[in-house]
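Structure, as structure tokens:
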Amino acid sequence: MKALTLFIAWTWIAVPLGWGVYQSVQKSLPLFGITAVAK
């Protein structure tokens, strides 16, 4: 049960954090002269 709770807690934090990092990378790609695939 504790492992499941820990997994849910990590997912709860990691998903929005990962999404934020992904968005930041997408926005910064043009600065490095790399064309972003997605808008």
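Residue numbers (the numbering used here): 271 to 309. Where a beta carbon is used, it is the ideal one built from N, C-alpha and C, also for glycine.
Asked                                                              : Found
Backbone secondary structure at I304 - three-state DSSP            : coil
CA-to-CA distance, T281 to G288, given in whole angstroms          : 10 Å
C-alpha distance - A284 paired with S294, whole-angstrom precision : 15 Å
Cα-Cα separation, L274 to G303                                     : 43 Å
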